[in-house]
Amino acid sequence: MAKSPKRRPQSTPPRSKAQPVSAATAPKAVSLDIKVAEKPIEKVSITKTAEIGHVELIRFDSRVKWFLWICVAVLLVLTVLKIHFTSVAIWNRMLPDGSDIRRGLVSGEPRQIRADDYLVGVTWMMSQKNHGNPEINPAIGVGKSPVMTAPSIHFTSIFKPTNWGFLLFDIETGYSFGVMINIIGNLIILTFLFLLLTGNNFWLSLFGSSWIILSTGNISWTAYPLYPLMMAPLLVISAIYVLYSSSIRQLVTATFLLTWSAVSFVLVLYPPYQIPIVYLFICLFAGFLIKNWQPSLLSNKLSLKLIGFGISGIATMLVLYIWSQDVKETLEIVSNTAYPGKRSLSGGDGFIANWFSEFFIRQTNDLSYPTNWSNYCELAHYLTFVPVILPGIAISFFQKHKVDWSLILLLAFTLVMLSWIELGWPSGLAKLTLMSMSQPARTQIVLGFGSVFLTVLYLDYLKKNPLRISVGITALGMGLSLAYLLYAAQINIADSAGFFTWSKITLPIIFFTVLSALLWPTWLPRYRTLIFGLGITFFLLPNLRINPISVGLSPILDNAAYKSFRELQQRDPKARWIVFGDALLSYMATAAGVDIVSGVKYAPNLKEFRILDSTMKQDTVYNRYAHLIYSTYIDPAHADTTIFRLPVWDHVQILMDPCSPKLKQLGVKYVVFDHQPQPVEVRTMKPVTSLGAISIYAIQ
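All letters in the sequence shown, in the order written, are residues 15 to 714 by my numbering.
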């Protein structure tokens with residue numbers, strides 16, 4: 015019996031559950047199995063990784079994939095349903111035709127303050143769509159203004175995702191797609207960037223991107239600041255992937271995206287946001303590069319990486335050169351306008367409210383805010399915890415003797431932008447850095463982006479680098495947090511002309527004192543990041559009610575004035591129009607596809623203005639991006655006089671005789687009045703049609 019195991023060397027003898035297996039009694043077959051393990055392969059892999067280094071890029075795990083699929087599904091559903099968040103329904107009230115004033119509204123109320131959306135953006139897009147998305151449309155501006163500002167059939171449309179819907183779908187579906195891709199596209203791209211910067215902390219990354227999108231500084235502007243923001247994160251992500259790619263496929267994809275995002279960013283053509291955004295994302299890119307500086311990894315496939323950057327740079331410059339030559343004439347006109355082309359700023363006039371007003375924004379709305387604070391949109395900012403984070407980083411350095419360059423560079427960005435906004439710079443420095451093209455009121459929005467990035471990366475830093483608990487220093491930090499909020503409250507009370515009172519803002523003071531205290535590095539509460547994230551989200555969620563939920567464009571498409579204008583335009587498509595009186599009629603005619611002299615123009619037609627002002631002495635008034643509003647002015651003592659006024663920086667009022675021969679020189683055929691005109695106003699015209707108080711005449 016003792017020899018029986020030798021007769022079955024490849025099997026394990028049966029044993030009871032209570033029978034132990036010792037090293038001495040274990041069958042040799044088990045020992046042989048262990049030796050078969052793939053340890054040599056493991057050693058080779060570890061050695062290779064050590065030689066070329068390792069930087070973790072975006073980890074496309076199940077959570078990230080689910081996030082992507084959900085975002086795409088939401089985009090498709092909302093687009094198909096023609097849902098958007100702009101205030102187009104305000105047309106039901108501004109130009110009523112007897113229809114339901116809630117036509118096109120799902121919930122909420124339209125906001126009159128968002129005129130850029132419902133007067134300019136949507137009417138330009140509709141004008142383009144009604145003409146087949148041409149490259150030239152005088153209703154929008156001289157030359158190739160549509161190529162620079164609106165959907166058009168032009169090769170640069172490849173680089174403008176918000177315009178794709180207008181080229182693929184009907185006008186309402188296209189409009190919804192443009193609005194939603196701006197929001198959901200930014201949510202995806204910002205989350206990806208945060209994943210890179212936090213080492214794939216998914217929930218913290220999703221929180222960071224949601225914070226930016228839900229902030230009042232973004233929502234109050236109907237997400238307009240997101241348009242230039244979308245491509246900057248993708249640009250940084252692509253550049254990082256080119257540097258750290260480990261496969262040819264990754265490198266090729268990253269090179270393509272780097273080129274596409276670079277061109278797309280430039281073609282946004284709004285320097286007030288773009289210039290500070292460039293500085294912000296240079297800081298983010300540099301911080302990542304310094305933290306992940308591994309020469310062995312960077313030099314791996316170095317020649318291919320250099321080729322990738324070279325191809326991207328050449329392709330970007332080639333595309334932009336072709337574009338600039340194509341729109342050269344229009345670009346020169348815009349560059350030489352009094353506004354915005356020749357505007358040169360020195361900063362120092364920022365913060366219509368103040369840097370801390372966002373803590374108390376819940377006390378305000380479009381119609382209720384401090385009278386000396388301009389308007390609700392201009393006073394909307396981003397929550398900032400910089401005064402708490404700055405000493406927190408200093409304490410961390412003295413304990414750890416370790417510098418996080420992402421945080422240091424973001425702090426530097428914050429301080430530099432604050433100096434531009436609050437103090438101003440010498441004109442030479444402003445021009446050298448191109449900040450002269452960014453008015454501080456717009457720089458404030460980008461400063462808000464930076465504050466969010468700083469706070470999120472600081473939370474990630476605290477999680478990965480816990481400090482020693484210190485009761486004394488923590489108590490000091492709590493006091494500092496309270497002092498910060500009390501100071502912010504005092505500034506708001508003193509600066510709001512009596513709008514804020516201590517009783518009104520006590521709860522926000524307590525709430526944000528607790529949240530800012532969570533950022534103190536020597537206090538290690540459980541679930542710090544979760545509590546802070548939930549607190550910020552709780553505060554920001556009500557912003558979803560700021561803008562209405564709307565469906566389609568029926569407030570314009572079904573408006574009686576639009577239908578009347580559209581019918582006449584289709585009967586006589588080449589005729590030029592002009593509106594005397596209410597500018598709303600000019601915008602509605604623009605939407606209907608009319609070639610109209612009045613209305614808002616991206617680039618002024620100086621040749622036509624020479625007809626109205628032969629000496630060009632008043633060109634600083636009308637040589638600008640402007641809403642052109644014509645009014646009747648007849649002076650028998652000074653026949654055919656034209657007067658130009660500039661009531662606000664982007665509104666030009668032109669007073670002239672509706673029967674002036676100058677209008678014939680401009681090619682005008684139809685004249686629209688917002689009233690029943692006096693005989694002297696239409697002495698050389700014949701009536702065409704009328705719609706209530708609106709009268710349309712034809713010049714004979």
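Note that the Cβ used here is the ideal one computed from N, Cα and C, for glycine as well.
Note that this is a predicted model, so its numbers are computed, not measured.
Where residue i falls: helix, strand or coil (DSSP)
i      : result
Lys719 : With the chain represented from 15 up to 714, any question about residue 719 goes unanswered, as that position is not in the structure.
Phe399 : coil
Val120 : strand
Leu532 : coil
Ser628 : coil
Pro480 : coil
Val662 : strand
Thr646 : strand
Thr187 : helix
Ile328 : helix
Trp591 : strand
Ser260 : coil
Ile202 : helix
Asp340 : helix
Ile150 : coil
Ile409 : helix
Alpha-carbon to alpha-carbon, residue j and residue i
i      : j      : result
Tyr703 : Ile154 : The residue you asked about is not Tyr; residue 703 is Thr in the sequence shown. Rounded to whole angstroms, Thr703 to Ile154 spans 25 Å at the Cα level.
Ile713 : Asp130 : 32 Å
Leu334 : Leu89  : 30 Å
Val35  : Ser76  : Here Val35 scores only 42 on pLDDT, less than 50, and its place in the model should not be relied on; the value that follows carries that caveat. Those two C-alpha atoms are separated by around 41 Å.
Met492 : Thr212 : 26 Å
Lys700 : Ile226 : 56 Å
Ala653 : Val694 : 13 Å
Val348 : Val282 : 14 Å
Lys621 : Ala605 : 24 Å
Lys96  : Asn557 : 21 Å
Gln679 : Lys577 : 28 Å
Asn379 : Pro661 : 26 Å
Gln692 : Gln667 : 21 Å
Leu461 : Ala426 : 11 Å
Val120 : Phe467 : 34 Å
Ala276 : Met451 : 20 Å
Asn573 : Ile115 : 11 Å
Pro535 : Leu481 : 6 Å
Thr187 : Thr551 : 30 Å
Ser59  : Leu548 : Interpretation of Ser59 is limited by its pLDDT of 37, a score under 50 that renders its predicted location unreliable; the figure taken from the coordinates is listed afterwards. Distance between the alpha carbons of Ser59 and Leu548: 42 Å.
Asn306 : Val69  : 7 Å
Phe525 : Ile519 : 10 Å
Ile708 : Asn106 : 16 Å
Asn368 : Pro384 : 12 Å
Tyr189 : Gln126 : 19 Å
Asp340 : Ile150 : 12 Å
Ala575 : Val102 : 15 Å
Lys57  : Ser260 : With a pLDDT of 40 at Lys57, under the threshold of 50, the predicted position of this residue should be treated as unreliable, though the coordinate-derived value follows. Spanning the two alpha carbons is a distance of roughly 20 Å.
Tyr396 : Pro522 : 15 Å
Gly146 : Met139 : 10 Å
Given residue i as reference, the closest of the options once Cα atoms are compared
i      : options                        : result
Met162 : Arg456, Thr385, Ala617, Leu473 : Ala617
Leu312 : Phe365, Tyr255, Pro440         : Tyr255
Thr330 : Asp474, Ala394, Thr170, Ile592 : Thr170
Ala455 : Pro401, Tyr498, Arg542, Leu359 : Leu359
Ser628 : Gly613, Ala651, Pro650, Thr656 : Thr656
Pro242 : Phe399, Thr273, Ile289         : Ile289
Thr488 : Ile505, Leu499, Lys518, Pro539 : Pro539
Asp609 : Ala531, Ala589, Tyr396         : Ala589
Phe593 : Ala503, Leu473, His689         : With the sequence shown as reference, residue 593 is identified as Val, and Phe is not the correct amino acid for it. Ranking the options by Cα distance to Val593, first place goes to His689.
Val611 : Asn637, Val682, Leu626, Thr543 : Val682
Asp509 : Gly361, Trp387, Arg128         : Trp387
Gly231 : Tyr636, Phe463, Glu581         : Phe463
Gly607 : Lys676, Phe579, Asp596, Asn619 : Phe579
Strand pairing of residue i, partner residues [DSSP]
i      : result
Ile710 : Val686, Thr703
Ile104 : BP columns for Ile104 are empty, so no partner.
Ala640 : Lys615
Ile563 : Ser121
Distance between beta carbons of residue j and residue i, contact taken as under 8 Å
i      : j      : result
Arg117 : Pro562 : 12 Å between Cβ atoms; not a contact.
Leu201 : Cys85  : 6 Å
Pro672 : Ile459 : So it is not a contact: roughly 42 Å between Cβ atoms.
Lys143 : Ile185 : 5 Å
Ala352 : Asn637 : 5 Å
CB contact below 9 Å: residue i versus chain B
i      : result
Ile289 : In summary, chain B is missing from the structure at hand, where a single protein chain is found.
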